[in-house]
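Trainee: The sequence shown begins at 181 in this note's numbering and counts up by one.
Just passing along the structure, written as structure tokens.
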Amino acid sequence: MASEKYICLDDFEKEGQTKIPSWFVDYYATGADEEVTLRDSRLAFKRYRLRPRILRDVSIRDLSTTIQGQPISFPVCLSPSAFHKLAIPEGEKETARAAEKCGTLMCLSSMSSTTMADVADAAPSGLFWMNIYILKNRDVTKHLIREAERCGFKGLIMTMDSPKLGNHVRTARRRMYDVLDDRFVRASNFDIPHIPEVVEAKKKEPLLIKYFVSQVSDSPTIEDVKWIKTLTKLPIIAKGVLTGESARMLAEGGVDGILVSAHGGRQLDYLPAPIDALSEVVEAVRGYPVEVYMDGGVRRGTDVFKALAMGARAVFIGRPALWGLACNGEEGAAQVLEILRQELSLAMALSGCSKLSDIKSSMVVHESYYHNAKL
């Protein structure tokens with residue numbers, strides 16, 4: 181819900197950046213290289229125009245939907261993002277409670293400062309997916325999947341676009357990892373006492389962050405995805421897809437969902453904005469039993485509306501929830517979600533839509549549609 185202090189998501193970003201140390205701000209805010217993708221992911225939404233319908237009964241709007249068969253109260257979920265304890269001491273526990281309160285999904289990052297078990301305990305009625313990478317040590321992968329199942333997580337969201345970590349200029353200049361300790365950051369879910377390799381790594385580096393980075397495979401293939409499918413009945417969602425070719429390969433490989441994402445502009449720079457890539461991915465997997473979602477640059481309810489019209493089943497947000505946490509913990513993150521809910525509901529009303537299925541592809545066009553229209 182909006183308050184006098186926080187009217188829109190930009191208010192949380194401005195305030196949140198004053199609440200935490202500047203090097204924490206740099207970690208959350210940074211993109212790769214020149215940060216072109218980071219900026220364009222937000223600007224791209226402004227290139228699309230709405231074509232509303234009139235004379236419709238919109239006195240009641242239903243924003244509820246499902247994601248991989250699980251009900252959510254509205255189509256905005258939380259992307260995996262690392263180190264929530266940089267924003268607030270309770271970290272991911274507060275984020276989990278905010279998502280639970282708002283009736284939506286939270287994805288827990290592989291680089292979470294909080295374990296799956298602690299997150300599940302913090303929000304017993306919450307809906308969670310665990311973020312995993314394709315790792316070199318398959319025993320670690322197996323453990324993470326088994327732990328996700330044990331903790332009641334309902335899906336696995338696999339990062340596909342990061343065989344190497346991107347070049348984060350701002351954080352590299354600050355040498356951020358030299359000033360942090362386990363009060364703020366720790367690869368908590370990689371503390372696996374029954375795997376000898378992990379035990380040895382922890383002796384050298386208790387935070388296990390460098391161990392996690394060293395474990396990310398730089399030679400992933402679709403066969404790795406198929407192998408992970410054999411380990412679990414949980415749905416597999418591929419994160420970091422921006423082309424039709426990749427989307428079709430993954431659909432044929434058996435994934436259950438695709439998250440169109442540029443990794444928050446943090447990996448490869450000069451990528452297309454996810455909203456620009458969305459239609460290509462949706463078209464590529466048409467006819468496959470695959471749900472498509474998108475994240476990147478969502479700051480307004482009209483952004484959500486545009487993505488839904490272009491074929492996304494739901495959108496995901498990352499940084500806005502972190503700024504909400506920095507401002508006011510659980511309540512701040514919940515306010516961020518509620519503002520998007522209210523803005524989407526208003527956009528639907530003003531566009532003549534009383535339910536999500538009323539949002540049609542013809543209701544959003546690129547701005548060039550009007551520039552090129554014949555008079």
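Just so it is clear, CB atoms sit at the ideal spot from N, CA and C, and this is done for glycine as well.
1. Buried or exposed for D220, please, with buried defined as at least 16 other CB atoms from any protein chain shown within 10 angstroms of its CB.
2. So S542 packs on R231, CB below 8 Å; how close in whole Å?
3. Grouping DSSP H, G and I as helix and E and B as strand, with all else coil, what is H374?
4. Which residue comes first and which comes last in the alpha helix (DSSP H) that contains I455?
5. So, using beta-carbon positions, are V470 and A492 closer together than 8 Å?
6. What runs of the alpha helix (DSSP H), each 4 residues or longer, lie entirely inside the region 468-524?
7. What residue range does the beta strand (DSSP E) around Q250 cover?
8. Measure the alpha-carbon distance for Y549 versus A489 and round it to whole angstroms.
9. Per the DSSP calculation, C257 is bridged to which residue(s)?
10. For a quick check, are the C-beta atoms of L520 and G476 less than 8 Å apart?
11. Below 8 Å on the Cβ atoms is my contact criterion, and I expect C282 with L517 to pass it. Report the Cβ-Cβ distance as a whole number of Å.
12. Can you tell which of E511, K486 and S441 has the C-alpha that lies nearest to the C-alpha of E523?
13. Give the DSSP-derived three-state secondary structure of F308 in the structure shown.
14. Which residues bound the alpha helix (DSSP H) around R229?
15. Going by other Cβ atoms of all chains shown within 10 Å of its Cβ, with 16 needed for buried, is S441 buried or exposed?
16. Helix, strand or coil, according to DSSP, for T245 in the structure here?
17. Look at G306 and E280 and say whether their C-beta atoms are less than 8 Å apart.
18. Touch check for the region 318-338 and the region 404-423: three-plus C-beta pairs under 8 Å?
19. Can the beta-carbon of K265 be found less than 8 Å from the beta-carbon of V365?
20. Tell me which residues share the same chain as L555 and place their Cβ nearer than 7 Å to its Cβ, disregarding the 5 neighbours each side in the sequence.
21. Just how far apart, CA to CA, sit F370 and N552?
22. With S292 and S368 assumed to form a contact (beta carbons below 8 Å), what rounded beta-carbon distance in angstroms separates them?
23. How about S261 and G445: are their beta carbons less than 8 Å apart?
24. Roughly how many angstroms separate the alpha carbons of G196 and E510, rounded to a whole number?
25. Round the Cβ separation of I144 and A224 to the nearest angstrom and send it over; I've been treating them as touching at under 8 Å.
26. What first and last residue would you give for the alpha helix (DSSP H) that runs through G196?
27. Please state if the CB of L315 and the CB of S397 are separated by a distance shorter than 8 Å.
28. How many whole angstroms separate the CB atoms of V238 and C533, which I take to be in contact at a CB cut-off of 8 Å?
29. Measure the beta-carbon distance from A506 to I268 and round it to whole angstroms, keeping in mind my assumption that it falls under 8 Å.
30. If you follow the alpha helix (DSSP H) that G532 is in, where does it begin and where does it stop?
Mentor: The answer reads as follows:
1. Taking all protein chains shown into account, D220 has 16 or more neighbouring C-beta atoms within 10 Å of its C-beta and is therefore buried.
2. Contact between S542 and R231 is confirmed by a C-beta separation of about 7 Å, below the 8 Å threshold.
3. Of the three classes helix, strand and coil, the one that applies to H374 here is coil, per DSSP.
4. Taken as a continuous stretch (DSSP letters only), the alpha helix (DSSP H) holding I455 covers P454 to A464.
5. For V470 and A492, no; Cβs fall outside 8 Å.
6. Look at the region 468-524 and you find these whole runs of alpha helix (DSSP H), each 4 residues long or longer: 481-489.
7. Following the DSSP letters along the chain, one finds Q250 inside the beta strand (DSSP E) bounded by residues Q250 to I252.
8. Taking the CA atoms as reference points, Y549 sits about 16 Å from A489.
9. According to DSSP, which records beta bridges pairwise, C257 is partnered with F496.
10. The answer is no: Cβ separation not under 8 Å.
11. Taking 8 Å as the upper bound for CB-CB distance, C282 and L517 are in contact here, some 4 Å apart.
12. Distances from the CA of E523 to each of E511, K486 and S441 were compared; the closest alpha carbon is that of K486.
13. Strand, per DSSP.
14. Premise fails: R229 lies in the beta strand (DSSP E), Y228 to L230, not in any alpha helix (DSSP H).
15. Buried, by the Cβ-count rule.
16. Strand.
17. Inclusion of G306 and E280 in the CB contact set at 8 Å is warranted, their separation being smaller than that value.
18. Touching, yes.
19. Contact flag set, yes.
20. In this predicted model, L555 has a pLDDT of only 48, less than 50, meaning its place in the structure is not dependable; the value taken from the coordinates is given anyway. For L555, where only same-chain residues beyond five positions count, there are no Cβ hits under 7 Å.
21. The straight-line gap from Cα to Cα measures roughly 54 Å.
22. S292 to S368, Cβ: 6 Å. Contact.
23. For S261 and G445, no; Cβs fall outside 8 Å.
24. Roughly 13 Å separates the two Cα atoms.
25. In the structure as shown, the chain begins at 181 and stops at 555. Residue 144 is therefore absent and cannot be evaluated.
26. Counting along the chain, the alpha helix (DSSP H) containing G196 begins and ends at L189 to K199.
27. Using a Cβ distance threshold of 8 Å, S397 and L315 count as a contacting pair.
28. Contact annotation, V238 with C533: C-beta distance approximately 7 Å; criterion of less than 8 Å satisfied.
29. About 7 Å; that satisfies the 8 Å criterion.
30. Taken as a continuous stretch (DSSP letters only), G532 belongs to no alpha helix (DSSP H), as it is neither H nor E.
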